[in-house]
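Position one of the sequence shown corresponds to residue 1 (the numbering used here), numbered consecutively onward.
Only one structure is covered here, and it is reproduced in the block below.
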Amino acid sequence: MDIKQAAQFLESCTARAQSVILQGSNSKAFFGRSIEACAPSVETLSVSEHSGIIHYEPTELVVQVRSGTMLADVTAVLEENGQMFAFDPTNFGGQSTIGGMVSAGLSGSRRPYSGSVRDFVLGVEMLSATGEVINFGGQVMKNVAGYDVSRLLVGSLGCLGLITNVSFKVLPKPEFEMTQRLEMSRADGLLKMRDLVNSPLVSATAHFDGQLMIRLSGSAQSVYEFANRLGGELVATEESCWHAIDSHSIFPTDKNLWRLSTAPMSPLLLDEAYLIDWGGAQRWLLESDRDIRAEVDKYSSATLVRQTAANGLQVGEVFQPLSTLQKNIHISLKSKFDPAGILNAGRMYSWL
């Protein structure tokens, strides 16, 4: 289905109040709520055939891509030119698309040190639920005036519209990277993460199973000198180590997987965390029946990232409850872009 056909399809569905699932490769079906639980009768609109790089100029550090393009294909082109997406996007099962990457808004291990998905989105073209083609942002950072709606779409899980094209800022790849492993307690690991947070050579940290892993990025000489000062031992397979964390494959699947976002030095659920990363600001917990959201403070939030169900479809609420003001803003935005409420209804919240 091309964009013109997709626009006509959405216009027709809005007129009929027909619920629609927007998806690419469906590699992130585990993330968010089950749409079928809110709207048993749904139709699917896929962007998987809307693929390809529209524009890429390495000297400008900008790439514009169609939403159905495989993340692996874009990454390969960037690597040929010594460049990368600086937020460590995860290619779940090797099937993630660019549109899904933006819609889910999931950033990897490099996020605290380089930025999130949202920080590198320059512009977005999308289809509203009424079939209108809308453009936000541009292809340069200074081209944004007022509120940047293109970044609002990051993490929206398709509830506002069908993303068709995205422009990104990319960065040069580091000359050299290596990961050091230090044996230390969780409390000492947290302190060490905070000590290293402003180091220009540190690009990822994680504490797991009594070990603190630190990825260093920069010139080979600088990295080796810093590693010698750190001590510990070299992790031979550092790439797979960070990939395992970012792809969630490091976590057992027999319990629910929770992601806690909190202040880096907060003691909140510190002792119960299965893994700690992002300089201490992100904690991963495994629970069977416990609702972690009920235990967080006003400065934190908890997300049920994955349930144990084999199909990955989640029925209960997934994200931290919103304040009345936040909820009203979400409802207002949804009504502007999707007046009939047909797009990925209930994927983010049961009421959205």
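Beta carbons are placed, not taken as given, at the ideal position from N, Cα and C, and that holds for glycine.
Residue i at chain B interface by Cβ criterion, 8 Å
i     : result
HIS55 : This model lacks chain B altogether, as it is built from one protein chain only.
Same chain only: Cβ atoms within 6 Å of residue i, ignoring 5 sequence neighbours per side
i      : result
SER51  : ARG66, GLY68, THR69
GLY93  : SER27
LEU251 : Note that residue 251 is Phe in the sequence shown here, rather than Leu. So the list reads LEU257, once near-sequence residues are dropped.
LEU325 : none
GLN180 : ILE214, ALA227, LEU230, GLY232
SER114 : ALA86
Local Cβ density within 10 Å of residue i, reported as buried at 16 or more and exposed below that
i      : result
LEU234 : exposed
GLU295 : exposed
SER360 : Because the chain spans 1 through 352 in this model, residue 360 falls outside it and cannot be assessed.
TRP351 : exposed
ASN328 : exposed
GLY108 : buried
SER288 : exposed
ILE342 : buried
GLN23  : buried
THR14  : buried
THR97  : buried
TYR349 : buried
ASN344 : buried
ALA220 : exposed
PRO89  : buried
TYR116 : The residue you asked about is not Tyr; residue 116 is Ser in the sequence shown. The residue in question, SER116, is buried, as its Cβ has 16 or more Cβ neighbours within 10 Å.
GLY146 : A caution first: GLY146 carries a pLDDT of 49, below 50, which makes its placement in the model too unreliable to give a value.
GLY210 : exposed
ALA236 : exposed
GLY82  : exposed
Test item: CB-CB of residue i and residue j under 8 Å
i      : j      : result
ALA7   : LEU153 : no
VAL74  : ILE54  : no
VAL42  : SER19  : yes
SER150 : GLY137 : yes
ILE163 : ALA206 : no
HIS243 : ARG306 : no
ARG347 : GLY32  : yes
LEU212 : LEU182 : yes
LEU385 : ARG186 : A question about residue 385 goes unanswered here, because the residues of the chain that appear run from 1 up to 352.
ALA340 : TYR299 : no
LEU275 : PHE176 : no
MET178 : VAL223 : yes
ASP254 : THR303 : no
Cutoff 7 Å; reference residue i; Cβ partners in own chain excluding five residues on either side
i      : result
SER301 : SER261, GLN320
ALA72  : ASN91, GLY94
TRP278 : ARG111, PRO112
ALA273 : ARG283, TRP284, LEU285
PHE337 : SER128, ALA129, LEU160, GLY161
heavy atom of the ligand SAH below 7 Å from residue i C-beta
i     : result
SER51 : Questions concerning the ligand SAH fall outside what the structure shown contains, since it holds no ligand whatsoever.
8 Å Cβ shell around residue i - same chain, five flanking residues per side excluded
i      : result
ALA310 : At ALA310, the pLDDT of 46 sits below 50, so the modelled position is not reliable; the number obtained from the coordinates is stated separately. No residues qualify anywhere along the chain.
LEU45  : MET1, ALA6, PHE9, LEU10, VAL20, ILE21, LEU22, GLN23, LEU162
PRO174 : SER203, SER217, GLY218
VAL62  : HIS55, TYR56, LEU122, GLN139, VAL140, SER167, PHE168, LYS169, VAL170
Open item on the list: Check whether the region 146-162 and the region 103-112 are in contact - that is, three or more C-beta pairs closer than 8 Å.
Closed with: yes
TODO: Would you mind listing the beta strand (DSSP E) stretches within the region 184-221 that are 3+ residues and don't spill past its ends, in chain order?
DONE: 202-208, 211-218
- [ ] Could you say if the region 221-232 and the region 254-266 meet the contact criterion of at least three C-beta pairs nearer than 8 Å?
- [x] no
TODO: Check whether the region 159-171 touches the region 186-199, taking contact to mean three or more Cβ pairs, one atom from each stretch, closer than 8 Å.
DONE: no
Open item on the list: Restricting to runs no shorter than 4 residues, where is the alpha helix (DSSP H) found entirely within the region 37-101?
Closed with: 71-80
Open item on the list: Quick check on the DSSP output: what are the complete beta strand (DSSP E) runs of length 3 or more inside the region 100-133, in order along the chain?
Closed with: Listed in chain order, the beta strand (DSSP E) elements of length 3 or more contained wholly in the region 100-133 are 121-127.
TODO: Quick one: which unbroken beta strand (DSSP E) runs of 3-plus residues sit fully inside the region 260-298? Chain order, please.
DONE: 275-277, 282-287
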